[in-house]
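Just so you know, we're using the working numbering here: the sequence shown kicks off at 47 and counts up by one. Glycine is no exception: its CB is placed at the ideal position from the N, C-alpha and C atoms. To keep things clear, I will list the structure first and then write my remarks on it.
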Amino acid sequence: MQRARAVLGATAVAVLALAGCGGSDEPRLMHAAGETRSPDEFSIVPTRPLEMPDRMDALPDPTPGGTNRADPQPRADIAVALGGSRAAALSSAVPAADGALVSRAGRFGTSAGIRDQLAAEDLEFRRANRGRLLERMFAVNVYHQNYRVMALDRYAELERWRARGVQTPGAPPDPRD
Numbered sequence: 047m048q049r050a051r052a053v054l055g056a057t058a059v060a061v062l063a064l065a066g067c068g069g070s071d072e073p074r075l076m077h078a079a080g081e082t083r084s085p086d087e088f089s090i091v092p093t094r095p096l097e098m099p100d101r102m103d104a105l106p107d108p109t110p111g112g113t114n115r116a117d118p119q120p121r122a123d124i125a126v127a128l129g130g131s132r133a134a135a136l137s138s139a140v141p142a143a144d145g146a147l148v149s150r151a152g153r154f155g156t157s158a159g160i161r162d163q164l165a166a167e168d169l170e171f172r173r174a175n176r177g178r179l180l181e182r183m184f185a186v187n188v189y190h191q192n193y194r195v196m197a198l199d200r201y202a203e204l205e206r207w208r209a210r211g212v213q214t215p216g217a218p219p220d221p222r223d
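What follows is the structure, encoded as structure tokens:
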């Protein structure tokens with residue numbers, strides 16, 4: 047009887063251990079212990095109120111897969127609020143007025159596939175730094191620990207720029223002054 051209990055207990059432990067090993071091999075960027083499957087509150091955006099046009103023949107033709115006039119367009123709304131153009135905000139092209147800025151930013155060359163390259167490198171980094179066995183078993187968040195070496199020390203950076211004589215009006219004043 048005692049031996050049967052021991053075998054049953056060992057079997058239960060083995061089943062629980064194997065159940066903990068399931069899941070995706072793809073590492074998630076950041077996993078929190080309290081993760082839930084509830085809706086994302088930031089993806090719920092109220093629609094604009096429906097409006098009745100003056101003339102029904104003035105309505106645009108429906109575009110399958112296109113946007114609805116009542117759908118929110120936050121980029122365009124922000125552009126209009128800041129004095130810009132709604133059409134320019136909805137366009138994926140760079141406005142002509144920003145041409146000099148784009149040229150200056152790309153003066154050392156650009157890589158067309160930089161986003162895909164960075165995503166692949168980051169995925170490889172996360173696969174190599176998934177955390178230790180117990181951290182994975184108990185879903186301990188290792189995000190900050192893994193990316194700590196890539197973090198910018200804002201105070202050291204502020205001191206570096208101040209030492210070079212660069213004005214930093216957005217930062218608190220230097221306490222030595």
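| message | Considering only their Cβ atoms, is the gap separating residue 132 from residue 126 smaller than 8 Å? | response | yes
| message | At the level of alpha carbons, what is the spacing between residue 215 and residue 121? | response | 28 Å
| query | Are there 16 or more other CB atoms within 10 angstroms of the CB of residue 112, so buried, or fewer, so exposed? | reply | exposed
| message | Can you find the residues in the same chain that come closer than 8 Å, C-beta to C-beta, to residue 182, ignoring five residues on each side of it along the sequence? | response | 176
| field | Exposure label - residue 172; buried when at least 16 CB within 10 Å | value | buried
| query | Would the beta-carbon of residue 119 fall within 8 Å of that of residue 136? | reply | yes
| By Cβ distance below 7 Å, which residues in the same chain neighbour residue 220 in space, the five residues on each side in sequence not counted? | 208
| said: Just checking residue 204 against the ligand NAP - is the residue's beta carbon closer than 7 Å to any of the ligand's heavy atoms? | reply: For the ligand NAP, the structure offers nothing, since it holds no ligand at all.
| said: For residue 59 and residue 51, what's the separation of their Cα atoms in angstroms? | reply: 12 Å
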